[in-house]
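Q: Can you read through this structure? Questions will come right after.
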Amino acid sequence: MVENVNLFPLFLSLKVSTIATVLAVIIGLPISYYLSRSNGKIADMVDALITLPVVLPPTVLGYYLLVLFGRQSALGKFLEEKLGLLIVFTPTGAVIAAFVVSIPFFIKSARTAFASIEPNLLNAARVLGRSEWNIFFTVIIPLSWRGIVSGITLVFARSLGDFGATLMVAGSIPNETMTMPIAIYDALLAGNQKLANLLVMIMTIVSVTLLYVIKRLEKRIIRGERSFHASRSD
Amino acid sequence: MLHVAIKKSFPHFTLDVAFTIEKGIAGILGSSGCGKSLTLQCIAGLQSPDEGLIRLNERVFFDSSQKINMKTRYRKIGYMFQNYALFPHLTVSQNIAFGLKGKPREEVEQKVATMIEKIKLNGYEHHYPAQLSGGQQQRVALARTLVTEPDVLLLDEPFSALDHHTKQLLEKEFLLFIKENFAGVVLLVTHNMEEAYRLCDQLILYDEGKVVQVGDKQQVLNEPSNVKAAKIVGCKNVWPLDSVAIDEEISCYVNGAKIMVPRKKERAHPRFLGIHSHHIRFVEEQSYNTFDYEIVECIPNMHAHDLTVQTKHFTLHVTVPTNELHAVLSHERKLYLPPDRLFLLS
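As they're listed, the protein sequences go chains A and B. Quick note: the first sequence uses my numbering, first residue 94, plus one each step. Quick note: the second sequence uses my numbering, first residue 1005, plus one each step.
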């Protein structure tokens, strides 16, 4: 029976979530660093803007994305005419929806990790002749590694589970933009409860397995550090 | 030579200091929040003064009139932070090598090995800072700084993270290590008078963002120039003067009592007279500067007793060695203020 199930939505979901997570890390790191260093009015505004996706219903968010990237909008036109890039009702749209919905989780997590670094450690690195850029990679990232990993986990989990925003922006075209959560909804709507049950099961197993693997990986890193410490301490 | 003359304002605090250190170890002494650490941060470029000049030998670090503000990483400064600021994710070796980036690998390895040998941490190369004792951490921090061969060494409360016992053991060793491995100007910040006295050649006294006295440590301790300086060096006896008559000696009147001070102690516009509690003595014969006394309070300390003593004219705080206590308590003696130990304050 499993052989007959179309697994395209699962692979699409995994692909979309992976790309959205990578984007969230690349774009989220500098933003979280900036936010952890400054408490001015501008930083507060950026912070509010970034927290918005957590508060707004995904449909509202999806609507905004439609307005922003739609074929009638200036940005949508520009992307279509100059770069040949279509956002709405494409997998790219699904990636953008997942990215916007999940990036706040990464930024919150990374920002807290950055802010908890003792400022004198950074000053020590400066006095010892390192540039800000170098300090970011040799001191800041290694010291906030745990916060960053948990941020990545959250982003991936949130992307994998997004329904509302993805549906609004990418639609539910079978074998093209239909992600797992949408496929489940679609199956239920069509009265195919058997398929829905199966997809729900697959989704649950995949999610639990992935989160478990990430958790183990995280633990191994931490335990690795600790056992390394312990083995040398006597 | 380190020359500092800077101003920096905050809503409730203004730092406005100027001093020059020719050579040796100078200590900035003052209570917490008086701008000591801020001064170090300005010298290192971690904070920018509003205006002023910071110059080390011929190199100008900061000059507001020429809009010079050299970046921290080019200043070649040795800075030891209050809690040492060792990188927790790096080993002892990696911490010490941190400031040697860009140098050939063999040179780095050799320098780090020499340093580890010097601070006697052989075998600890691959330990992490959290596995070291406070004293070991201090040595790693010092090694990490000195291995870069800085032009000036700034020490921010180098002993505040250690307990009293460890501190006493390490002070001498620490001083010796610096003297053997570093020839430039050292600027040390502390709030502990005794520590400053033991470690430094020169003292700079700070009070609320201002320099109140600069000088050789003996001179600053024994002859503070004003009331604030006297308080910082721990002088407990400061009396306002009624009047002063300068003759062959200086006659000072405190609440009607006449106290003689030698002529060489003369100072313009003296307003107060002071003496350290441990310089007051008890003698058998009556002469000038002797007084009858009564004991108001006696607090036993480890090697001496702290007495509060009342004479007809004024109250004093006196430190008496335990073996002399009996004679003092039995009132067989007179209280004596040695003229050489007295100082006039403005």
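Ideal placement from N, C-alpha and C gives every residue a C-beta, glycine not left out.
Give the residues from the stretch 1095 to 1114 of chain B that approach chain A closer than 7 angstroms (Cβ to any Cβ), ordered along the chain.
A: 1102, 1103, 1105
Q: Tell me whether the beta-carbon of residue 1337(B) lies closer than 9 angstroms to the beta-carbon of residue 1280(B).
A: No, the Cβ-Cβ distance between residue 1337(B) and residue 1280(B) is not below 9 angstroms.
Q: Anything in chain B within Cβ reach of residue 214(A), meaning under 7 angstroms, just list it in chain order.
A: 1089, 1091
Q: In chain A, what lies closer than 7 angstroms to residue 1182(B) by C-beta?
A: What residue 1182(B) touches in chain A: nothing, since even the nearest Cβ is about 17 angstroms away.
Q: In the structure shown, what three-state DSSP assignment does residue 272(A) receive?
A: Residue 272(A): coil per DSSP, three-state reduction.
Q: Could one say the Cβ of residue 223(A) lies closer than 9 angstroms to chain B's Cβ atoms, at least one of them?
A: yes
Q: Under a three-way DSSP split, which group does residue 164(A) fall into?
A: Residue 164(A) falls in the coil class under three-state DSSP.
Q: Taking a contact to mean a Cβ-Cβ separation below 9 angstroms, would you say residue 1162(B) touches residue 1142(B) in this structure?
A: yes
Q: Report back the beta-carbon spacing between residue 254(A) and residue 267(A) to the nearest angstrom; my notes put them in contact at under 8 angstroms.
A: Actually they are not in contact, since the Cβ atoms of residue 254(A) and residue 267(A) sit about 20 angstroms apart, beyond 8 angstroms.
Q: Using a C-beta cutoff of 9 angstroms, does residue 236(A) count as contacting chain B?
A: yes
Q: Give the range of the alpha helix (DSSP H) segment to which residue 1239(B) is assigned.
A: Run containing residue 1239(B): none; DSSP gives neither H nor E here.
Q: From residue 1057(B) to residue 1184(B), what distance separates their C-alpha atoms?
A: Answer to the nearest angstrom: the Cα atoms are 30 angstroms apart.
Q: Quick check: residue 1222(B) and residue 1230(B), are their CB atoms within less than 9 angstroms of each other?
A: For residue 1222(B) and residue 1230(B), no; Cβs fall outside 9 angstroms.
Q: What's the C-alpha gap between residue 327(A) and residue 237(A)?
A: At residue 327(A) the pLDDT is 36, less than 50, meaning the model places this residue with poor confidence; the figure from the coordinates comes in the next sentence. Each residue's alpha carbon lies about 27 angstroms from the other.
Q: Please state whether DSSP places residue 1192(B) in a helix, a strand or coil.
A: In the three-state reduction of the DSSP assignment, residue 1192(B) falls in the strand class.
Q: Rounded to the nearest angstrom, what separates residue 1007(B) and residue 219(A) at their Cα positions?
A: Rounded to the nearest angstrom, the two C-alpha atoms are 22 angstroms apart.
Q: To the nearest angstrom, how far is the alpha carbon of residue 328(A) from that of residue 313(A)?
A: Any property of residue 328(A) remains undetermined from this structure, which presents chain A solely from 94 to 327.
Q: Taking 9 angstroms as the CB-CB limit, is residue 1018(B) close to chain A?
A: no
Q: Where does residue 1039(B) sit, in a helix, a strand or coil, going by DSSP?
A: coil
Q: Using a Cβ distance threshold of 8 angstroms, determine whether the stretch 199 to 211 of chain A contacts the stretch 113 to 125 of chain A, with at least three qualifying pairs required.
A: As far as the Cβ criterion goes, the stretch 199 to 211 of chain A touches the stretch 113 to 125 of chain A, which means the pair count is three or higher.
Q: Are the stretch 1039 to 1051 of chain B and the stretch 1151 to 1161 of chain B touching by the rule of at least three beta carbon pairs closer than 8 angstroms?
A: yes
Q: Which residues in the same chain as residue 1023(B) place their Cβ atom closer than 7 angstroms to its Cβ, once the five residues preceding and following it in sequence are excluded?
A: 1008, 1208, 1215, 1218
Q: By the criterion of Cβ-Cβ separation under 8 angstroms, what are the contact partners of residue 250(A) in chain B?
A: Within chain B, no residue comes near residue 250(A); the closest Cβ sits about 27 angstroms away, beyond 8 angstroms.
Q: Straight-line CA distance for residue 132(A) to residue 1197(B)?
A: 38 angstroms
Q: Any beta carbon from chain B within less than 9 angstroms of residue 242(A)'s own beta carbon?
A: no
Q: I need the boundaries of the beta strand (DSSP E) containing residue 1275(B), first residue and last residue.
A: From DSSP, residue 1275(B) is part of no beta strand (DSSP E); its letter is neither H nor E.
Q: By the DSSP assignment, the beta strand (DSSP E) with residue 1330(B) in it spans what residues?
A: Judged by DSSP secondary structure, residue 1330(B) falls outside any beta strand (DSSP E) and instead within the alpha helix (DSSP H) spanning 1329 to 1333.
Q: With residue 1325(B) as the anchor, note down where its beta strand (DSSP E) starts and where it stops.
A: 1319 to 1325
Q: May I ask you to list, following chain order, the residues of the stretch 1063 to 1084 of chain B that have a beta carbon less than 7 angstroms from some beta carbon of chain A?
A: Within the stretch 1063 to 1084 of chain B, 1076, 1077, 1081, 1083 place their CB atoms closer than 7 angstroms to a CB of chain A, listed in sequence order.
Q: Between residue 1287(B) and the rest of its own chain, which residues show a CB-CB distance below 7 angstroms, the 5 nearest in sequence each way excluded?
A: Once the five neighbours on either side are set aside, the close Cβ partners of residue 1287(B) are 1294, 1337, 1338, 1340.
Q: When the Cα atoms are used, what is the spatial distance from residue 235(A) to residue 228(A)?
A: In a straight line, the C-alpha of residue 235(A) is about 10 angstroms away from that of residue 228(A).
Q: Could you have a look at residue 1314(B) and say whether DSSP puts it in helix, strand or coil?
A: The answer is strand: DSSP assigns residue 1314(B) an E or B state.
Q: Quick one: any contact between the stretch 1020 to 1039 of chain B and the stretch 301 to 313 of chain A, if contact means 3 or more CB pairs under 8 angstroms?
A: no
Q: For the putative contact between residue 118(A) and residue 245(A), defined by C-beta atoms under 8 angstroms, what is the C-beta separation to the nearest angstrom?
A: About 6 angstroms separates the two Cβ atoms, so the contact holds.
Q: When we look at the beta-carbon of residue 1182(B) and count the other beta-carbons within 10 Å, is it buried (16 or more) or exposed?
A: buried
Q: Flag this pair as yes or no: are the beta carbons of residue 1321(B) and residue 1311(B) separated by less than 9 angstroms?
A: Closer than 9 angstroms, so yes.
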